[in-house]
Amino acid sequence: MNCPEIPEQLGSSLLLSLASEGISKSMNKSIHILVTRAESPGNSVKKKIVSLDLPEGGSPRYLENGYTFHLENLSLGILESRKENEGWYFMTLEENFSVRHFCLQLKLYEQVSTPEIKVLNWTQENGNCSLTLACEVEKGDYVVYSWSEEMATDPLIPANGSYLLHLSLGPQNVNNVYFCTASNPISSRSQIFTPQSKCRPESLESTQWGLYAGLLLGGIVGVILILEVVILLLRRRGKANHYQPTMEAKSLTIYAQVQKSGSAQKKPDPLPAQDPCTTIYVAATEPVPEPVQEPNSITVYASVTLPES
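Each residue of the sequence shown is one higher than the last, beginning at 1 in full-length UniProt numbering.
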């Protein structure tokens, strides 16, 4: 038996049509309706959902909790569907001497949330930008991801799984717009991404501004250092001019010997204890030299012979 699949949103109230409208109109009052549910189409264990006999007023003899049954269109209602409501539903319609079987498969899906695009890897070199993007949702099951570009007609080929996308972009492509679509059989949500947020020209301008700021700061520091050197030199020069007038004049000591003259033939008796020479000390003042010259002492020895008295 071919059972069509009916996708529905998990948690919502559902109304499942078990038979076509034509069959519902052709019913007479001597029928028996049985609705069951199984985990698989070949499972022999089936749970009874609805049991109804006509003409007994149209009220089901049995109705599973959480379900409603509508005789006018042979539809089954589910209040606040849960995962345990999934499965194969079978309806047996016994009408007089004929028996008809109907079935459907109910699949319940959680609605997907708006996806989030994350940048896993990002490199920029020589004007080219490489990105690895991941598209993920917080809610949703059986989610399928797809990538597309705004101005492109063909879908993009994801890398290592449909939720990943690798991009290698030149400077002319940083303004492109990319879409990630997360979908399942009951819902679909999309999110956009522009590489300009990571590979934007402003990032290059920021680098240039950083370079300009560094050069400006370096220039300011250089000017301050030059001013400090100039101030230091001026202070040293001022100190040199301040101490130059107070420099003491250098003194020179002159040693002179004075000896009395006598007869050339006359030899005086030697007196070991007396020295015939008289030493005269004369102080002479030398002009003050330049400050850069080191002080020197000059000693002059002169011998002077006095006339004989």
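Ideal placement from N, C-alpha and C gives every residue a C-beta, glycine not left out. Computed from a prediction, not measured in an experiment: that's the story for all the values here.
In chain order, each beta strand (DSSP E) run of at least 3 residues that lies wholly inside the stretch 134–192: 144–149, 164–169 and 178–184
Per-residue burial, asparagine 85 [other beta carbons within 10 Å of its own, 16 or more giving buried]: What you label residue 85 is simply residue 85 of the sequence shown in a count that begins at 1. Buried, since its Cβ has 16 or more Cβ neighbours within 10 Å.
The stretch 150–157 touching the stretch 119–132, judged by at least three CB pairs closer than 8 Å: no
From Ser190, Pro171 and Ser30, residue whose alpha carbon lies closest to that of glutamate 95: Against the sequence shown, residue 95 aligns to sequence position 95. Answer by Cα proximity: Ser30.
Presumed contact (8 Å Cβ cut-off) between glycine 77 and tyrosine 67, rounded CB distance: For this step, residue 77 is matched to residue 77 along the sequence shown. For this step, residue 67 is matched to residue 67 along the sequence shown. Contact flag correct, Cβ pair sits at about 6 Å.
Contacting residues, own chain, Cβ-Cβ under 7 Å from serine 51 (five flanking each side not counted): As a position in the sequence shown, residue 51 is number 51, starting the count at 1. Excluding residues within five positions, the ones whose Cβ falls inside 7 Å are Leu34, Pro60, Arg61 and Tyr62.
Contact the stretch 179–197 vs the stretch 105–116: 3+ CB pairs below 8 Å: yes
Serine 197 in three-state terms, based on DSSP: For the purposes of this step, residue 197 is taken as residue 197 along the sequence shown, with counting starting at 1. In the structure shown, serine 197 falls within a helical segment according to DSSP collapsed to helix, strand and coil.
Per-residue DSSP class, three states only, for valine 112: As a first step, residue 112 must be located in the sequence shown, where it is residue number 112. The answer is coil: DSSP assigns valine 112 none of H, G, I, E or B.
Beta-carbon proximity of serine 75 to serine 12, cut-off 9 Å: Counting from one through the sequence shown, the residue named residue 75 turns up at place 75. Counting from one through the sequence shown, the residue named residue 12 turns up at place 12. No, Cβ-Cβ distance for serine 75 and serine 12 is not below 9 Å.
Three-state secondary structure assigned by DSSP to glutamate 228: Indexing the sequence shown from 1 puts residue 228 at position 228. Glutamate 228 falls in the helix class under three-state DSSP.
Beta-carbon proximity of valine 137 to arginine 189, cut-off 9 Å: If you number the sequence shown from 1, residue 137 lands on position 137. If you number the sequence shown from 1, residue 189 lands on position 189. Going by C-beta atoms, valine 137 is nearer than 9 Å to arginine 189.
According to DSSP, residues forming a beta bridge with methionine 91: The sequence position of residue 91 within the sequence shown is 91, counting from 1. BP columns for methionine 91 point to Val35 and Phe102.
C-beta atoms of lysine 46 and glutamate 64 nearer than 9 Å: On the sequence shown, residue 46 is found 46 positions in, with the first residue counted as 1. On the sequence shown, residue 64 is found 64 positions in, with the first residue counted as 1. Result no, Cβ atoms of lysine 46 and glutamate 64 do not sit closer than 9 Å.
Proximal residues to valine 99 (C-beta, below 8 Å), its chain only, five neighbours per side dropped: The sequence position of residue 99 within the sequence shown is 99, counting from 1. Thr92 and Leu93.
Inter-residue spacing [alpha-carbon to alpha-carbon] between isoleucine 220 and leucine 120: Position 220 of the sequence shown, counted from the first residue, corresponds to residue 220. Position 120 of the sequence shown, counted from the first residue, corresponds to residue 120. Cα-Cα distance, rounded: 40 Å.
Cβ neighbours of glutamate 149 in the same chain (closer than 8 Å, five flanking residues each side left out): Numbered from its first residue, the sequence shown carries residue 149 at position 149. Once the five neighbours on either side are set aside, the close Cβ partners of glutamate 149 are Leu156, Asn176, Val177, Tyr178 and Phe179.
Counterpart residues of serine 17 in DSSP-defined beta bridges: Locating residue 17 in the sequence shown gives position 17, counting from the first residue. DSSP lists Ser75 as partners of serine 17.
Assigned exposure category for arginine 237 - 16 Cβ within 10 Å defines buried: Position 237 of the sequence shown, counted from the first residue, corresponds to residue 237. Under this definition arginine 237 is an exposed residue.
Under 9 Å between C-beta atoms of tryptophan 88 and serine 40: Taking the first residue of the sequence shown as 1, we reach residue 88 at position 88. Taking the first residue of the sequence shown as 1, we reach residue 40 at position 40. Yes, they are a contact pair.
Straight-line Cα distance separating cysteine 3 from isoleucine 186: As a working note, residue 186 is residue 186 in the sequence shown. As a working note, residue 3 is residue 3 in the sequence shown. When rounded, the distance between both Cα atoms is 19 Å.
Of the listed residues Pro195, Ala152 and Glu8, nearest to asparagine 170 (C-alpha basis): Taking the sequence shown and counting its residues from 1, the one referred to as residue 170 is at position 170. Inspection of the sequence shows that residue 170 is occupied by glycine rather than by asparagine. That would be Pro195, whose Cα lies nearest to the Cα of glycine 170.
Own chain, CB closer than 6 Å to isoleucine 117, minus 5 neighbours either side, in chain order: Working through the sequence shown from its first residue, we reach residue 117 at position 117. These residues qualify, in order along the chain: Leu133, Cys135, Cys180, Gln191 and Phe193.
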